[in-house]
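Enquirer:
Shown next as structure tokens:
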């Protein structure tokens, strides 16, 4: 009998709001969080909108993603009925987390230009600007992970993983494996990313991946007129526990983390396999892991970035797996509401999927107006749908052909 | 800490795992013995005479790989050659299903501080004396001066993407960025992926390159790879087994000590499989085996 992994706590920070209740309200109302950029003066910048976390109080620099992760972590522990600071360091408590690429302090470089302007050798620049190197070292993913673990009294293994936009699912899936193979009884799993930053946005612009439409309709997953994605930011944390561990302390599971699948496209570096070969493999892997058939899945939270090829490949993968039953599967992408949270995307969507199960809610795929024959899916259009849900899947795919799928089951 | 024994643990499937290939490059040259001879080396040293075209035949693929990824690919080619699987076309005849062959990589976060970015920033105004940077000017210059695929060259998981293309691997994929623990984590994760029947082959890989390091004192250049394979698969295709890898309990913990970088911790493990082993290697003992201190192994500590 395999050790079973359940979710006993969850926390979320996203463009839909801070916390589970704010997120829940936005999903219910079909309200998106994409808006004109506030993080920097974007007048004349080629990208004009993003999904930013509302409200103030968060640092606006390289410390932002850790701050968001800590907020999500606090909420996850609270919903799990635990105090992260309670008790001694626990060797059976592990961390599996994906931290986004730390943003470069361009302001510091610009302010100190006189100290390095005569060279373009990065090593020489760092020799002259040791404060930049110290800052980077302090916010390296492994350093952030160590602090999250220390804050949570986790003395078990600390896994920092990075699989591009599949990272969140992979971090959570790895947490499931740690519990199944008895390496931990409780895992703090999730992801964080804050890339609403001039350099990051420019890098995606160079890849021709971004939408340039007005904020309200910028991201249109699966719509025939879709033009690209919108960068967002956020963090999500789930508390994973071995079911017996949760029961012994009287914690009620929010859901079972029933299945996880991972695969490689082995096709290209920027383009996904057009028939969704790798995506289908990850989906099938998650179903096999969960011991479920495709028809058992009540709702799919799609990766659905809003780029032409990505949505087409995901739709092809769903067709491959569901075959003649594909019309029975309600599908929506919440990226039209949140933007693409990159490293954090699938972790945030896993928590959204958890809320969907709890509330019997299928969020609307915003901005879906023109059905695309290449993405012929049962899209949740116009407004959210309400129905009892028992099993839901969430996909996360990334550059380099990295694919991951999670399955959550209510009971 | 060793977890207590329990019935659940004993009931888990325990497929046997063989080490069937290994490869290494270091400032001492090609191979594990060259790496051992090089120890103790100096920080910042590079691999002499490294020619990536010797390992990656596709000029197009090679152009998309910066030096760290070229090094990962080279070590992986050495390991897969040793395992008798030098290319994607060998998987099928060897009876290995591509969907059951995956990758576990250990890498440091890639530095975004590149010379082309510095040139763009130097030309962007004003930014000095507390004035705000002109982001529109930064974008205008950046769109012309920065490499279109810049973002992709900075993603740690691209090492796995390149390698999957070289060998046709479509199975589970993990990239760990947990600093010095990452190398050991790839080996452990790959081991459990095979024992729990989620893959038949896992290629573990790593590299450190001064060029992609965010440091004024970069570590030495190192690259290593190990092929772990389901025992029956190795037996069926008759490949020499370097050692069997075993673990006493599914929850066997990784060693608490970490090395100086992702590459060092995997290279550390390579030293222990230099010669064929008559006795199985225990996972925890392997990952904690003596290969020298981080200082001896590249001076990056």
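Chains as they are written, first to last, in the numbering used here: chain A, 4 to 414; chain B, 103 to 403. Don't be surprised by glycine CBs; every beta carbon is placed ideally from N, CA and C.
What does the alpha-carbon distance come out to for the pair residue 265/B and residue 175/B?
Expert: Whole-angstrom Cα-Cα distance: 6 Å.
Enquirer: Is residue 37/A helix, strand or coil by DSSP?
Expert: Residue state, collapsed to three classes: strand.
Enquirer: Between the C-alpha atoms of residue 90/A and residue 138/A, what's the straight-line distance to the nearest angstrom?
Expert: For residue 90/A and residue 138/A, the distance between alpha carbons rounds to 31 Å.
Enquirer: From the DSSP output, in three-state form, read off residue 302/A for me.
Expert: Residue 302/A falls in the strand class under three-state DSSP.
Enquirer: From the DSSP output, in three-state form, read off residue 264/A for me.
Expert: Three-state DSSP puts residue 264/A in a strand.
Enquirer: To the nearest angstrom, how far is it from the Cα of residue 329/B to the Cα of residue 203/B?
Expert: Distance between the alpha carbons of residue 329/B and residue 203/B: 10 Å.
Enquirer: Pull out every residue of the segment 145-176 of chain A whose Cβ sits closer than 9 Å to any Cβ of chain B, in chain order.
Expert: Those would be 145, 146, 148, 149, 158, 159, 160, 161, 162, 163, 164, 165, 166, 167, 169, 170 and 173, in chain order.
Enquirer: Since residue 318/B contacts residue 136/A with CB under 8 Å, what's their CB separation in whole angstroms?
Expert: Confirmed, about 6 Å.
Enquirer: What does residue 283/B reach in chain A if we use C-beta pairs closer than 9 Å?
Expert: Per Cβ cutoff of 9 Å: 145, 160, 161, 162 and 163.
Enquirer: Which chain B residues sit within Cβ distance under 7 Å of residue 130/A?
Expert: Result: 318.
Enquirer: Counting C-beta neighbours from all protein chains within 10 Å, is the total for residue 306/A 16 or more, i.e. buried, or is it exposed?
Expert: Buried, because 16 or more other Cβ atoms sit within 10 Å of the Cβ of residue 306/A.
Enquirer: Going straight from the alpha carbon of residue 235/A to that of residue 222/A, what length do you get?
Expert: Spanning the two alpha carbons is a distance of roughly 11 Å.
Enquirer: Any C-beta of chain A sitting closer than 8 Å to the C-beta of residue 298/B?
Expert: It does: the Cβ of residue 298/B has a partner Cβ on chain A nearer than 8 Å.
Enquirer: What does residue 276/B touch in chain A if you count any residue whose Cβ is under 9 Å from its own?
Expert: Residues of chain A passing the Cβ test: 162, 164, 166, 173, 177 and 265.
Enquirer: Would you tell me roughly how many angstroms separate the C-alpha atoms of residue 383/A and residue 392/A, rounded to the nearest one?
Expert: Cα-Cα distance, rounded: 14 Å.
Enquirer: Any idea which residues DSSP pairs residue 361/A with across the strands?
Expert: None; residue 361/A has no bridge partner.
Enquirer: Please report the distance separating the alpha-carbon of residue 176/A from that of residue 262/A.
Expert: For residue 176/A and residue 262/A, the distance between alpha carbons rounds to 8 Å.
Enquirer: Give a yes or no on contact between the segment 59-72 of chain A and the segment 183-190 of chain A, applying the rule of three or more CB pairs nearer than 8 Å.
Expert: Too few Cβ pairs lie closer than 8 Å, so no.
Enquirer: How many angstroms separate the CA atom of residue 368/A from the CA atom of residue 210/A?
Expert: Distance between the alpha carbons of residue 368/A and residue 210/A: 25 Å.
Enquirer: Does any CB atom of chain B fall closer than 8 Å to the CB of residue 104/A?
Expert: True, the Cβ-Cβ gap to chain B drops below 8 Å.
Enquirer: Considering only residues of the same chain and omitting the five flanking positions on each side of residue 250/A, which have a CB-CB separation below 8 Å?
Expert: Around residue 250/A: no qualifying Cβ.
Enquirer: From what residue to what residue does the beta strand (DSSP E) around residue 4/A run?
Expert: Premise fails: residue 4/A is in no beta strand (DSSP E) and is neither H nor E.
Enquirer: Over what stretch of residues does the alpha helix (DSSP H) that includes residue 171/B continue unbroken?
Expert: First-last of the alpha helix (DSSP H) with residue 171/B: 169-184.
Enquirer: Quick one: which chain B residues come within Cβ less than 8 Å of residue 92/A?
Expert: The premise fails here: residue 92/A is roughly 11 Å from chain B at the closest Cβ pair, so nothing lies under 8 Å.
Enquirer: Establish whether the CB of residue 214/B and some CB of chain A are separated by less than 8 Å.
Expert: Chain A contact via Cβ: present.
Enquirer: Could you confirm whether any beta carbon from chain A is found closer than 8 Å to the beta carbon of residue 172/B?
Expert: No, its Cβ sits nowhere closer than 8 Å to a Cβ of chain A.
Enquirer: One question on the structure: do residue 262/B and residue 371/B come within less than 8 Å of each other, judged by their Cβ atoms?
Expert: No, they are not a contact pair.
Enquirer: Can you list, in chain order, the residues of its chain with a C-beta nearer than 6 Å to that of residue 359/B? Leave out the 5 residues immediately preceding and following it.
Expert: Any answer about residue 359/B is weak, because its pLDDT of 49 lies below 50 and its placement is not dependable; what the coordinates show is given next. Same-chain partners within the cutoff: there are none.
Enquirer: If you drop the 5 nearest sequence neighbours on each side, which residues of the same chain put their C-beta closer than 6 Å to that of residue 215/A?
Expert: Nothing listed; no residue qualifies.
Enquirer: Establish whether the CB of residue 178/B and some CB of chain A are separated by less than 8 Å.
Expert: Chain A contact via Cβ: absent.
Enquirer: So the candidates are 314/A, 362/A, 44/A and 75/A; which of them puts its Cα closest to the Cα of residue 1/A?
Expert: Past the boundaries of the shown model lies residue 1/A; chain A is included only from 4 to 414, so the question cannot be answered.
Enquirer: Tell me, please, whether the CB atom of residue 205/B is closer than 8 Å to any CB atom in chain A?
Expert: Residue 205/B counts as touching chain A.
Enquirer: According to the Cβ coordinates, are residue 320/A and residue 283/A closer than 8 Å?
Expert: Yes, they are a contact pair.
Enquirer: So, with DSSP's three-state summary, where would you put residue 310/B?
Expert: Three-state DSSP puts residue 310/B in a strand.
Enquirer: Spell out whether any CB of chain A is found under 8 Å from the CB atom of residue 252/B.
Expert: Yes, its Cβ sits closer than 8 Å to a Cβ of chain A.
Enquirer: How long is the line joining the alpha carbons of residue 229/B and residue 244/B, rounded to whole angstroms?
Expert: If you take the alpha carbons of residue 229/B and residue 244/B, they lie about 16 Å apart.
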